[in-house]
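Student:
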Amino acid sequence: MCRHRRSRPRPGQDRPRPAAAGTARGGPGPAADPARAGGALRGRRDDPTVSAAIVTVDGPAGSGKTTLGRRLALELGLPFIDTGLFYRAVTVAVVRAGLTAGDRAQIIEVARAALIEVNTAPGDESWEVRVNGVDPAAEIRDPRHAALLTTVSQLPEVRRHLLALQRAPAAGGAVAVGRDCGTVVFPGAAVKLYLQASEDLRAARRAAQLAGQGAAVDPEVLRSEISGRDRGDAPAMAAAPDAVVIDTGTGGIDQMVALALELCAAAGIDVPERLS
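If you're matching positions, the sequence shown starts at 1 in my numbering and goes up one per residue.
(1) If you draw a straight line from the alpha carbon of R274 to that of A93, how long is it in whole angstroms?
(2) Pair every Cβ in the segment 101-111 with every Cβ in the segment 180-196, then say whether three or more of these pairs are closer than 8 Å.
(3) Going by the CB atoms, is the gap between T23 and T120 shorter than 8 Å?
(4) Kindly list the residues whose CB is nearer than 6 Å to the CB of E225, restricted to its own chain and excluding five residues on each side of it in sequence; keep chain order.
(5) Based on Cα-Cα distance, which residue from V221, T66, R229 and A189 lies nearest to Q154?
(6) Distance check for T67 and E125, CA to CA, integer angstroms please.
(7) Could you check whether the segment 188-197 touches the segment 60-77, counting it as contact only if at least three pairs of C-beta atoms, one from each stretch, sit closer than 8 Å?
(8) How about Q213 and A138: are their beta carbons less than 8 Å apart?
(9) Going by alpha carbons, who is nearest to G27 out of A168, S198, L74 and P60?
(10) Would you identify the three-state DSSP class for F186, choosing helix, strand or coil?
(11) Could you spell out where the beta strand (DSSP E) holding R25 opens and where it closes?
(12) What does the Cβ neighbour count give for T100, buried or exposed, with the cut at 16 atoms within 10 Å?
(13) With DSSP as the reference, please indicate the residues paired to Y87 in a beta bridge.
(14) Taking C-alpha atoms, which residue in A113, L74, W127 and A171 lies nearest to V158?
(15) Consult DSSP for P30 and reduce its assignment to one of helix, strand or coil.
(16) Once the 5 residues before and after A207 are set aside, which same chain residues still bring their CB inside 7 Å of it?
(17) Can you give the Cα-Cα distance for A266 and T91, rounded to whole angstroms?
(18) Whole angstroms are fine: how far does the CA of A240 sit from the CA of G249?
(19) Report the residue ranges of all beta strand (DSSP E) runs contained in full by the segment 111-184; include only those spanning at least 3 residues, in chain order.
(20) At which residues does the alpha helix (DSSP H) containing V277 begin and terminate?
(21) Can you give the Cα-Cα distance for E262 and G102, rounded to whole angstroms?
(22) For A203, verify whether its CB is less than 7 Å away from any heavy atom of the ligand SAM.
(23) Alpha carbon to alpha carbon, how far is L201 from I246?
(24) Check the Cβ-Cβ distances between I108 and every residue of chain D, and say whether any is below 8 Å.
(25) From this set, P60, I54 and G188, which residue's C-alpha is nearest A236's C-alpha?
(26) Give me whichever residues DSSP pairs with Q196 in a beta bridge.
(27) Would A53 pass as a contact of G133 if the rule is Cβ separation under 8 Å?
(28) Is the beta carbon of V131 less than 8 Å from the beta carbon of A89?
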């Protein structure tokens, strides 16, 4: 049985209609104002950060966010937004431009100029992301770029630019996964989950993921990546006060999905009847 806890309950909300999944696309443009991203001031009915149909799944690297989030999106008929892919896409563009972590100004320019396409259809795993029209395949999760990824994701200018792109597919609801979806990207989400797992388990999961993509796996490099990401993400990564915290090392994915769907139903999200 997976262990979970919640700091305080959220009130129920009107049942939403699912939105069609597709592709999140963003290219050159001005940096987004977090308070106005999506064309609305925070707190208004048309604000994409406040929706009765948004579910957020946050947690450290390898905690199971993508697996749970994709399953939930499929069950609910909602777009699946992996917010981390936007930062990984920028990192790939930075590597291709021959830049290093110290090239801050150039990294910001590359981020703003890059054409990033993220697949938000939860049932389509044929591709995840395209960077300037090219699918980076296994390069998107290359552990050798972990330190650069941390640098990219910590730059305020990059974060502001990507925020509107991350929010855009959620106009009619979505399941979003990342580090700060429940606190920054979608602070008004109907359901917020925060996943935890031991470092050993997270490293094993990441190794299995890379092996499945045909990438070479070095256990020590993976452990270093996990530890480095934890340290780099620490300032921005914390469970929202109203998030349900789940230990993913104490139960299977089916148990977690069932629990998450119960929470969604309690929050007023339309949960289709599941076939036994």
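Note that the Cβ used here is the ideal one computed from N, Cα and C, for glycine as well.
Tutor: Working from what's here:
(1) One C-alpha to the other measures close to 41 Å.
(2) Result no; under three Cβ-Cβ pairs closer than 8 Å.
(3) In this structure, T23 lies closer than 8 Å to T120 by Cβ.
(4) Beyond the five residues adjoining it in sequence on each side, E225 comes within less than 6 Å, by CB distance, of P143 and A146 in the same chain, given in chain order.
(5) Closest in C-alpha terms to Q154, from the list V221, T66, R229 and A189, comes R229.
(6) The straight-line gap from Cα to Cα measures roughly 12 Å.
(7) Put simply, the segment 188-197 touches the segment 60-77. At least three CB pairs are less than 8 Å apart.
(8) Taking 8 Å as the cut-off, the Cβ atoms of Q213 and A138 count as close.
(9) Comparing Cα positions, the closest option is A168.
(10) Correct three-state label for F186: coil.
(11) Run containing R25: T23 to G26, per the beta strand (DSSP E) assignment.
(12) Result: exposed.
(13) Under DSSP, no beta-bridge partner is assigned to Y87.
(14) For V158, the nearest C-alpha among the options comes from A113.
(15) Here the model assigns P30 a pLDDT of 43, short of 50, so the residue's position is not dependable and the matter cannot be decided.
(16) Excluding its 5 nearest sequence neighbours in each direction, A207 has C-beta neighbours in its own chain below 7 Å: V217, P219 and L222, listed in chain order.
(17) The straight-line gap separating the alpha-carbon atoms of A266 and T91 is approximately 39 Å.
(18) Our two residues, G249 and A240, have alpha carbons roughly 20 Å apart in a direct line.
(19) Taken in chain order, the unbroken stretches of beta strand (DSSP E) that lie wholly in the segment 111-184 and span 3 residues or more are 116-119, 129-131 and 174-178.
(20) This structure cannot speak to residue 277, because the chain is shown only from 1 to 276.
(21) In a straight line, the C-alpha of E262 is about 46 Å away from that of G102.
(22) You won't find the ligand SAM in this model; it holds no ligand whatsoever.
(23) A straight line joining the alpha-carbon of L201 with that of I246 spans about 14 Å.
(24) Absent from the structure: chain D. Only one protein chain is present.
(25) If we check each option's Cα against that of A236, P60 comes out closest.
(26) According to DSSP, residue pairing for Q196 in a beta bridge involves D247.
(27) No, the pair does not count as a contact, with Cβ atoms beyond the cut-off.
(28) Against a cut-off of 8 Å, the Cβ pair of A89 and V131 comes out as a contact.
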